Amino acid sequence: MEKIIIKSELSLLKFEELDDMSKALVKHAIEATDKSYSPYSHFKVGAALRLEDGTIVIGANQENAAFPVTMCAERAAIFNAQSNHPELAITAIAIAAKNIEGLVKTPVSPCGSCRQVILEMEQRYQRNIKILLCGTDGIYVIDSIKDLLPLSFVDESMH
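Just so you know, we're using full-length UniProt numbering here: the sequence shown kicks off at 1 and counts up by one.
The structure is reproduced here in structure tokens:
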């Protein structure tokens with residue numbers, strides 16, 4: 001038997017250490033939490049993504065009493081961008097979450113479905129998407145969704 005070790009790498013930065021474009025994206029993600037419709041969980045998630053031309057697109061989680069039809073903030077933003085700007089690649093996405101006490105301490109990570117959608121966007125446009133996960137303890141900066149989804153299922157997996 002052979003054991004394979006899979007490692008992921010990310011950076012933990014304070015808000016002040018981010019470049020100006022990343023700071024702006026984080027601010028948009030935090031503001032997007034206010035657009036959340038989360039009457040059941042009271043867990044507000046906001047996402048902001050930057051397109052290659054600099055356009056910012058936001059999304060917020062949208063809950064439903066029938067939980068399977070709930071939409072995550074990340075996918076809401078990505079699908080909005082793809083519907084309105086399909087010719088533009090996504091270069092970065094920031095994700096923020098608030099509970100009843102405010103912005104979460106530890107950054108939250110995208111769910112499996114959102115990870116797969118982000119992966120598809122990296123594959124579609126043949127470029128990594130910088131991911132900024134926001135919390136009061138700091139911001140995780142990840143260079144590619146592949147660091148969160150190392151054994152990924154992509155188009156070439158089907159050949």
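Just so it is clear, CB atoms sit at the ideal spot from N, CA and C, and this is done for glycine as well.
Predicted, not measured: the structure shown is a model, and the values here were computed from it.
Length of the line joining the Cα atoms of residue 169 and Gln116: Because the chain is modelled from 1 through 159, residue 169 falls outside the range shown and cannot be assessed.
If I measure Cβ to Cβ from Val104 and keep anything under 6 Å in the same chain, skipping five residues before and after, which residues do I get? Ala97, Gly135
Would the beta-carbon of Gln62 fall within 8 Å of that of Tyr37? yes
Can you give the Cα-Cα distance for Asp20 and Met1, rounded to whole angstroms? 48 Å
Extent of the continuous alpha helix (DSSP H) run through Ile30: 20-32
Less than 8 Å between the beta carbons of Leu119 and Leu151, yes or no? no
Nearest to Tyr125 by CA position, among Cys114, Glu156, Gly102, Thr91, is which residue? Thr91
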